[in-house]
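Presented below is the structure to which this report refers.
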Amino acid sequence: MDHSVSRPADTYSPIYFLASLGAGGIAVTFFMFLMFWVPHPGQPVPVFEDIAAAFATGGVAMQAAIAAALIGIAVFAFLNIKSLIWNLHSLSAFKKTDAYAKLRETNAEATLLAMPLALAMTVNAMFIVGLVFVPQLWSVVEFLFPIALIAFAAIGVLALRMIGAFLGRVLSTGGVFDVTAHNSFAQLLPAFSIAMVGVGFAAPAAMSTSATIVAVALMLSTFFGVAAILYTVIAATTAFASMLQHGTAREAGPTLMIIVPIVTVLGILFLRQSHGLHVAFDTHAQAGETMVFLARLLSIQIVFLLLGAVVMMRQGYFSDFVMGTKTSPGSYALVCPAVALSVMTHFFVNKGLVAAGAIEKFGVAYWSVTGIAIVAQIVAIALVLRLNRQHFARSAVPAIAVPAE
Numbered sequence: 001m002d003h004s005v006s007r008p009a010d011t012y013s014p015i016y017f018l019a020s021l022g023a024g025g026i027a028v029t030f031f032m033f034l035m036f037w038v039p040h041p042g043q044p045v046p047v048f049e050d051i052a053a054a055f056a057t058g059g060v061a062m063q064a065a066i067a068a069a070l071i072g073i074a075v076f077a078f079l080n081i082k083s084l085i086w087n088l089h090s091l092s093a094f095k096k097t098d099a100y101a102k103l104r105e106t107n108a109e110a111t112l113l114a115m116p117l118a119l120a121m122t123v124n125a126m127f128i129v130g131l132v133f134v135p136q137l138w139s140v141v142e143f144l145f146p147i148a149l150i151a152f153a154a155i156g157v158l159a160l161r162m163i164g165a166f167l168g169r170v171l172s173t174g175g176v177f178d179v180t181a182h183n184s185f186a187q188l189l190p191a192f193s194i195a196m197v198g199v200g201f202a203a204p205a206a207m208s209t210s211a212t213i214v215a216v217a218l219m220l221s222t223f224f225g226v227a228a229i230l231y232t233v234i235a236a237t238t239a240f241a242s243m244l245q246h247g248t249a250r251e252a253g254p255t256l257m258i259i260v261p262i263v264t265v266l267g268i269l270f271l272r273q274s275h276g277l278h279v280a281f282d283t284h285a286q287a288g289e290t291m292v293f294l295a296r297l298l299s300i301q302i303v304f305l306l307l308g309a310v311v312m313m314r315q316g317y318f319s320d321f322v323m324g325t326k327t328s329p330g331s332y333a334l335v336c337p338a339v340a341l342s343v344m345t346h347f348f349v350n351k352g353l354v355a356a357g358a359i360e361k362f363g364v365a366y367w368s369v370t371g372i373a374i375v376a377q378i379v380a381i382a383l384v385l386r387l388n389r390q391h392f393a394r395s396a397v398p399a400i401a402v403p404a405e
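If you count by the UniProt record's numbering, then the sequence shown holds residues 1 to 405, one letter each, in order.
If you want it as structure tokens, here you go:
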């Protein structure tokens, strides 16, 4: 093999777990078609039987949407698992290198949290695959919820131990955390990771009919959700101070938008909790309140998308790392905001505007706003395909390795 033509992915970074995460996220964007367009009476999410019925009785548009959704979920769930396996394999090899030992002594130790983040995403993605492709799954779903809670608990403990190792190291002795290298939102990865565990815990809260399971799911998802918010606020505030002083680390530009997926994940967590409270504990959220709540979350996302776009345009990030020849594993962080904006827009339209009676379902206004979600989804897909080719094709341009903090 000619070593001058190595793949950028051959110099491993834990940030590559975001490739798996992004693919899983895109599978979720396709599930939104089914979630909000396919009638699913009797349970909070569409299952195989609902989808089959809608396909049999629906018009051409409905059939096309269902076909697109099923193909999209299958393809990107496959990519999600393929990438996760590659990453776990590469990480175990990476752990035997000096580079790993060095990573554990720098701010970049936080990048290891991309692993539990990707694991939690895969559990979520597999649940969607089960709902969509496995007949009669809903009849045994109550047995699956405790298993899901155990899986998320294991991932949650793993994430907390990794965060503990990192924070224990940097907070117990001074001077080991490089504040000059904290000039990006890379340190928000742990917050994103525990938020993803939280939203996983919230799923049984929204779907189970057992008050005990709902209560357990509510408590665990609350803990991880609150922890994620606290971590986000502290890490973002300190990072912002460093960015004002040192400018944003050029290669870490995409991290400025990490707030966008964190907000979507926490937003879904709160919606799931609200649904669980309503069904199991007779607590009612008003449709108008939910609409404004989602509008606020969307506003936070737009602010950070604009901030990230301004900084990255100024720094020429896209022309170098996305469209150009330079490669940076951090480019995969660009997929998350596109996915997150798409999913949040679907929720805003359906659980916000339509539920509150502000617009008519499937009307002109409905498709105008849903169009934004679909454009964001297409951007995410294009990014994943482009970055996968850039990072994993054998014929990739010789890598210009840039270390990430």
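Don't be surprised by glycine CBs; every beta carbon is placed ideally from N, CA and C.
Under the three-state reduction of DSSP, Q286 is assigned to coil, being neither helix nor strand. Contact annotation: the region 277 to 284 does not touch the region 307 to 324, with fewer than three C-beta pairs closer than 8 angstroms. Taken atom to atom, the span from the alpha-carbon of L341 to that of K326 is near 26 angstroms. Secondary structure within the region 211 to 249: the alpha helix (DSSP H) runs of 4 or more consecutive residues, fully enclosed, are 211 to 246 (chain order). Shown here, P135 sits in coil according to DSSP, grouped into three states, outside any helix or strand. Non-local beta-carbon contacts of I128 in its own chain, meaning distances under 8 angstroms to residues more than five positions away in sequence, involve A27, V28, F31, I73 and A77 in chain order. For Y12, the secondary structure class from DSSP, reduced to helix, strand or coil, is coil. Between V349 and Y366, the beta carbon gap of about 6 angstroms places them in contact (Cβ cut-off 8 angstroms).
Each of G330, P14 and V214 was checked against the Cα of K95, and the nearest Cα belongs to P14. R250 counts as buried, since at least 16 other C-beta atoms from the protein chains shown sit within 10 angstroms of its C-beta.
Between V379 and A338, the alpha-carbon positions lie close to 7 angstroms from each other. Spanning the alpha carbons of G330 and V47 requires a straight line of approximately 35 angstroms. For a cut-off of 8 angstroms, the C-beta gap from S184 to T255 is around 5 angstroms, short enough to register as a contact.
M291 places its beta carbon less than 8 angstroms from that of A358. Taking C-beta separations shorter than 6 angstroms and ignoring five residues to either side along the sequence, the partners of I163 in its chain run P190, following chain order. By the neighbour-count criterion, in which 16 or more other beta carbons inside 10 Å mark a residue as buried, P116 falls on the buried side. Here S83 is buried: its Cβ has 16 or more other Cβ atoms, across all protein chains shown, within 10 Å. Between the alpha carbons of A114 and L18 lies a gap of roughly 7 angstroms. Around the beta-carbon of S139, fewer than 16 other beta-carbon atoms lie within 10 Å, marking it exposed.
Annotation: the continuous alpha helix (DSSP H) that includes T345 extends over V335 to F347.
S221 is positioned such that its CB atom lies closer than 8 angstroms to that of Q273.
Contact between L21 and C336 holds: their C-beta atoms lie close to 7 angstroms from each other, under 8 angstroms.
With fewer than 16 neighbouring CB atoms inside 10 Å of its own CB, G168 falls in the exposed class.
If the five residues before and after H275 are omitted, its C-beta is found closer than 6 angstroms to the C-beta atoms of A206, all from its own chain and listed in chain order. Exposed is the label assigned to Q136, since fewer than 16 other Cβ atoms lie within 10 Å of its Cβ. Note that the C-beta distance between N87 and G24 is not below 8 angstroms. Of the other Cβ atoms in all chains shown, fewer than 16 fall within 10 Å of the Cβ of G316; this residue is therefore exposed.
The beta carbons of I268 and Y231 sit about 18 angstroms from each other, so the pair does not count as a contact at 8 angstroms. Rounded to whole angstroms, A65 and L131 show a C-alpha spacing of 17 angstroms. Q43 carries a coil assignment under DSSP once its states are collapsed to helix, strand and coil. Looking only at Y16, Q63 and V170, the smallest Cα-Cα distance to E105 is reached by V170. Your pair L334 and L383 checks out as a contact, with CB atoms roughly 6 angstroms apart and the cut at 8 angstroms. Between the C-alpha atoms of F392 and H246 there is a straight-line separation of about 32 angstroms.
Classified as buried, G308 has 16 or more neighbouring CB atoms from the shown chains inside 10 Å of its CB.
Taking all protein chains shown into account, F143 has fewer than 16 neighbouring C-beta atoms within 10 Å of its C-beta and is therefore exposed. With respect to the 8 angstroms criterion, A120 and M196 are classified as neighbours on the basis of their beta carbons.
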